[in-house]
Structures are given as structure tokens and as C-alpha cells.
Ligand SMILES: [Zn+2]
Ligand SMILES: [Zn+2]
């Protein structure tokens, strides 16, 4: 069957330091962006212009830092405002700490509050957003700040992105319940020697990830790993190769495209 949507990896690294591998940002088709990390900054102007919806998993800088530049670049001259979807705590953080007139202008009042170039759309965990035949559902995950994971469901399949998370159940419950997730993108930020740091920063390391993946009870879900910290990338990759599951874990890289 003809696949319905594409997910393009603009960035999926745990930080900077590897040219061409920016931080978290995924583009669904031409118009929906999931997170706006430094990977977004690689996108050409005419493709930035086509983005209508930006969904943010949480307020951390490696997931939002491209948004201020994007709205500055494509904002004025748009026919309709850019819609930024996030939970209330994430939106509050953006309003208070980023688009606050000090760090960056408040684009929800430019050129005027009646006709702004950007609008906030508050969403809450479990909410389903409809974009034509594409459905996006968000679920709560476990990070140091309120954070969500994102599901895309199309008529031909499904995709799931964990966002930044420590141990969590809801994400896997939905993967198992829907039986439609072809690809799971999930993080492994730290090597096992820094499990203490993964626990503290509420991220995953390979041993924690292996236990999380045991929660998947349905077949057909290909697992791709993101958010490796560049400093320990080789070590984390080696540890991921020790995965005892039936299918090997695959390392995500900017420039990859998946059809859903
Ligand atoms: Zn984070
Ligand atoms: Zn992150």
C-alpha cells in the first residue's frame, strides 16, 4: 500500500559537536515539526516557510532553540500564524524565558496582538490532534520538566517518538494497544557508566533502555535510538549493540527519512 506520510530526521543528537548532526527536530511531511532543536537550523528557507504546526515535547533548550530563529525568519509575511503546540508548563516557560522581549521578541504580539505571526496552542497529555488524515496523540513521559512523547497515526501506519524520558509506562501501553507503530524513536542519552546521571537527569542509558523495551508486547515495531551525547557516542553505540532482543537497535541520524 502507498505510504501516507514521511518523517524526516532534521536532528537527533544529544548535543552539538558533530557537524551535520544537530539536536532534536523531526519534520512530518512538509508542514508539521516535532521539536525545534539545532537540527532545524539546517533547513532551507523555502522549506521553513511551509511549516504550519510546531509541536514541542518539553521546554529544554536542545528541543526549542531553533524556534525563535524560525519565527524570525518566516514569521512576517505569513498568511496565517505559525501554531506552536505544547503543554501549559512548556508554553509558560517559552513565554516567561524566551519570547519575553529580553531574550527574543514576543512574536504573539507582532505585528499586533490581533494579527500575530505566532500563536500558542495549549495541549494536554492524551490529547489527539487531527491534521487531515493524520492524527497526532501525545502522552506524558518522565523527565525533569513536564514532557510528552508523540505518536503519529496515518491510514497506513504509525510512528512514536519518546521525547526525553526516563522509565515510563504510558508510551508502551499505547504502542501495545494500537498495534500500529512501525517505528519507535527512543532516546539513550548516556552510557551505562553514567546511569547515575541518567537517573538524575531523567534520561535513559542502554541498560535502562533494554528494560524499557521489554514492555513492547506487539511485533513489527522497529526501534531507532536518538539523543546520544556526542562525547560518549562510540561507547553508547557499542553498549547498544549488546541489546539481547530479537531485532538489533538502530542508531538514528540526521537526513534519514521514514515513510509511515
Ligand atoms: Zn530534556
Ligand atoms: Zn533533550
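Numbering (our numbering), first residue to last: 80 to 339. All C-beta atoms, glycine included, are put in the ideal place defined by N, C-alpha and C.
Original post:
Can we say the region 157-171 touches the region 236-253, given the rule of at least three CB pairs closer than 8 Å?
Top reply: Judged by pairs of C-beta atoms under 8 Å, the region 157-171 does not touch the region 236-253, as fewer than three such pairs exist.
Original post:
Going by other Cβ atoms of all chains shown within 10 Å of its Cβ, with 16 needed for buried, is residue 81 buried or exposed?
Top reply: Mapped onto the chain shown, residue 81 falls at position 2. Classified as exposed, residue 81 has fewer than 16 neighbouring CB atoms from the shown chains inside 10 Å of its CB.
Subject >> Limits of the unbroken beta strand (DSSP E) element including residue 316 >> reply: Here residue 316 is taken as the residue at index 237 of the chain shown, counted from 1. Annotation for residue 316: no beta strand (DSSP E) segment contains it, though the alpha helix (DSSP H) segment containing it runs 312-319.
Subject >> According to DSSP, residues forming a beta bridge with residue 159 >> reply: Within the chain shown, residue 159 is the residue found at index 80, counting from 1. According to DSSP, residue 159 bridges with nothing at all.
Subject >> Distance between residue 286 and residue 276 (C-alpha atoms, nearest Å) >> reply: Residue mapping note: residue 276 aligns to position 197 of the chain shown, counting from 1. Residue mapping note: residue 286 aligns to position 207 of the chain shown, counting from 1. Straight-line spacing of the CA atoms in residue 276 and residue 286 works out to 13 Å.
Original post:
Between which two residues does the beta strand (DSSP E) harbouring residue 183 extend?
Top reply: Taking the chain shown and counting its residues from 1, one reaches residue 183 at position 104. From DSSP, residue 183 is part of no beta strand (DSSP E); its letter is neither H nor E.
Original post:
Below 8 Å between beta carbons: does that hold for residue 147 and residue 183?
Top reply: Translated into positions along the chain shown, residue 147 becomes position 68. Translated into positions along the chain shown, residue 183 becomes position 104. The criterion of a C-beta distance shorter than 8 Å is satisfied by residue 147 and residue 183.
**OP:** Classify residue 125 as buried or exposed, calling it buried when 16 or more other Cβ atoms lie within 10 Å of its own Cβ.
**Re:** Locating residue 125 in the chain shown gives position 46, counting from the first residue. Counting Cβ neighbours within 10 Å, residue 125 comes out exposed, since fewer than 16 surround it.
Original post:
Excluding sequence positions up to five away, which residues of its chain have a Cβ less than 6 Å from the Cβ of residue 87?
Top reply: Taking the chain shown and counting its residues from 1, the one referred to as residue 87 is at position 8. 106 and 336, listed in sequence order.
**OP:** Taking only heavy atoms of ligand 1 into account, decide whether any of them is closer than 7 Å to the Cβ of residue 114.
**Re:** Reading the chain shown from its first residue, position 35 is the one you call residue 114. Ligand 1 has no heavy atom closer than 7 Å to the beta-carbon of residue 114.
**OP:** Within its chain, find whatever has a CB closer than 6 Å to the CB of residue 302; leave out the 5 residues flanking it on each side and keep chain order.
**Re:** Position 223 of the chain shown, counted from the first residue, corresponds to residue 302. Within its own chain, the residues whose Cβ lies closer than 6 Å to the Cβ of residue 302, once the five positions on either side in sequence are excluded, are 263 and 328, listed in chain order.
**OP:** Report yes if the CB atom of residue 120 is closer than 8 Å to the CB atom of residue 145, and no otherwise.
**Re:** As a working mapping, residue 120 is identified with position 41 in the chain shown. As a working mapping, residue 145 is identified with position 66 in the chain shown. Going by C-beta atoms, residue 120 is nearer than 8 Å to residue 145.
Subject >> Among 136, 103 and 330, the one whose alpha carbon lies nearest that of residue 117 >> reply: Translated into positions along the chain shown, residue 117 becomes position 38. For the residues 136, 103 and 330, the minimum Cα distance to residue 117 belongs to 103.
Subject >> Per DSSP, cross-strand counterpart(s) of residue 303 >> reply: Within the chain shown, residue 303 is the residue found at index 224, counting from 1. Partner(s): 264 and 329.
Subject >> DSSP state of residue 242 mapped onto helix, strand, coil >> reply: What you label residue 242 is simply residue 163 of the chain shown in a count that begins at 1. In this structure, residue 242 counts as coil in the three-state DSSP scheme.
Original post:
Leaving out five residues before and five after residue 150 in sequence, what residues of the same chain have Cβ atoms less than 8 Å from its Cβ?
Top reply: In the chain shown, residue 150 corresponds to position 71, counting from 1. Here the set comprises 161, 186, 196 and 197.
Subject >> Backbone secondary structure at residue 221 - three-state DSSP >> reply: Taking the first residue of the chain shown as position 1, residue 221 is located at position 142. In the structure shown, residue 221 sits in coil (DSSP, three-state: anything other than H, G, I, E or B).
Subject >> Beta-bridge pairing of residue 228 - partner residues as DSSP gives them >> reply: Position 149 of the chain shown, counted from the first residue, corresponds to residue 228. Residue pairing by DSSP puts residue 228 in a beta bridge opposite 218.
Subject >> Length of the line joining the Cα atoms of residue 219 and residue 136 >> reply: Your numbering for residue 219 matches position 140 in the chain shown. Your numbering for residue 136 matches position 57 in the chain shown. Straight across, the Cα-Cα distance linking residue 219 with residue 136 is about 9 Å.
Subject >> Alpha-carbon to alpha-carbon, residue 177 and residue 394 >> reply: No information on residue 394 is available, as it lies outside the stretch 80 to 339 that the chain covers here.
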